[in-house]
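Before any comments, here is the structure.
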Amino acid sequence: MTMTKIIAISGKGGTGKTALVAMFIKYLSIVDGRDILAVDADPDTNLPAALGMKVGKTIGDMKEYMEEKKAEITGDKMLHFEAKVLESLVEGDKYDLLVMGRSEGPGCYCYVNNLLRSTMSNIVENYNTVVIDTGAGLEHFSRQIIKDVDAVLVVTDQSKNGLMTAKRIKEITDELKLGVKEIYIVANKVSKENIEIMRRYASDIKIEMIGEIPFDDNIARIDLSGGKILDVPDSSPAYIEAKKIAKKVGI
Ligand SMILES: Nc1ncnc2c1ncn2[C@@H]1O[C@H](COP(=O)(O)OP(=O)(O)O)[C@@H](O)[C@H]1O
Ligand SMILES: [Mg+2]
105 MTMTKIIAIS
115 GKGGTGKTAL
125 VAMFIKYLSI
135 VDGRDILAVD
145 ADPDTNLPAA
155 LGMKVGKTIG
165 DMKEYMEEKK
175 AEITGDKMLH
185 FEAKVLESLV
195 EGDKYDLLVM
205 GRSEGPGCYC
215 YVNNLLRSTM
225 SNIVENYNTV
235 VIDTGAGLEH
245 FSRQIIKDVD
255 AVLVVTDQSK
265 NGLMTAKRIK
275 EITDELKLGV
285 KEIYIVANKV
295 SKENIEIMRR
305 YASDIKIEMI
315 GEIPFDDNIA
325 RIDLSGGKIL
335 DVPDSSPAYI
345 EAKKIAKKVG
355 I
């Protein structure tokens, strides 16, 4: 059995979580023979576009289906659900993609969430590296749908709010004992002028700043022209820094 390395990217909206995940996937894809899973756990679901992938049904859809049909399904419900979840897996040449989709409505969904918990562990086990694009919330972690996370990277822009989010996420992971091994800050879209202030703040809240990604016109251009972040040139300053971060977290 391979040991799976699980990295989750979190942070305030618009800080560059999805861009960083896409750059990680680009970097991981250049090494052959590695099994990579990208997970979009942000209800906004922007990762497929950043990777240039099309998505049909999401895990959220499969949960709805299971919740509705559970009484009718004969035989092993666990296997049935696992097959449904695998149906939603988008398989690429170099990596696969799972999209969690929208959150459920009111109600417990305890039954399906229990099924999903074991299904996710079974799926994740098949990969060497799992990179998760989370929203600012940690819903899938607090429900233990995704567990044993090796590192959470909180992306922040040059804003106090972005840094406060890092502090809050650290408090939540400590409080809920989520078993997250490491937590780091990644500064993104930062200028040389302000980085010193951000370093000081990170040190005040006792979270290591593991990377400092500059504002990169290549990314802005791709975004403006409707391209995919996965196509960022190898020579892009943001991509070069993203690679360094990937190496530091051991993926
Ligand atoms: N290093 C960067 N340089 C320039 N633009 C960036 C950079 N990182 C992200 N962006 C842009 O910032 C915006 C928000 O990024 P995105 O990854 O969608 O954020 P999030 O997923 O955290 O909401 C997008 O328009 C993206 O293209
Ligand atoms: Mg995003």
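Mapping of the sequence shown onto our numbering: position 65 corresponds to residue 169, and the numbering continues sequentially without gaps. Don't be surprised by glycine CBs; every beta carbon is placed ideally from N, CA and C.
Between Y288 and A240, the beta carbon gap of about 16 angstroms keeps them out of contact (Cβ cut-off 8 angstroms). Apart from the 5 residues on each side of it in sequence, S133 sits with its Cβ closer than 8 angstroms to the Cβ of I140, K198 and Y199 in its chain, given in chain order.
Not one heavy atom of ligand 2 falls within 8 angstroms of the beta-carbon of G354. Here M127 is buried: its Cβ has 16 or more other Cβ atoms, across all protein chains shown, within 10 Å. DSSP places I227 in the uninterrupted alpha helix (DSSP H) bounded by C214 to V228. Boundaries for E171: no beta strand (DSSP E) harbours it, while the alpha helix (DSSP H) harbouring it runs I163 to K173, taken from the DSSP string. Taken atom to atom, the span from the alpha-carbon of T269 to that of E176 is near 43 angstroms. Here L219 is near E186, since their CB atoms are less than 9 angstroms apart.
Where L202 is concerned, the enclosing beta strand (DSSP E) starts and stops at Y199 to V203.
Going by beta carbons, E316 and V294 fall inside the 9 angstroms limit. In this chain, the alpha helix (DSSP H) harbouring P152 covers L151 to L155. For ligand 1, a non-hydrogen atom lies closer than 8 angstroms to the CB of N292. Between G354 and K274, the alpha-carbon positions lie close to 20 angstroms from each other. For D327, the distance from the CB to the nearest heavy atom of ligand 1 is below 8 angstroms.
Taking all protein chains in view, the Cβ of G118 is surrounded by fewer than 16 other Cβ atoms within 10 Å, so the residue is classified as exposed. If you check the CB distance, V234 and T108 come in under 9 angstroms. Spanning the alpha carbons of G120 and I349 requires a straight line of approximately 14 angstroms. Here I249 carries a coil assignment [DSSP, helix/strand/coil]. For T269, the enclosing alpha helix (DSSP H) covers residues K264 to E279. Here I276 has L242 as same chain residues with Cβ atoms under 7 angstroms from its own Cβ, once five neighbours each way along the sequence are excluded. The beta carbons of L334 and A154 sit about 7 angstroms from each other, so the pair counts as a contact at 8 angstroms.
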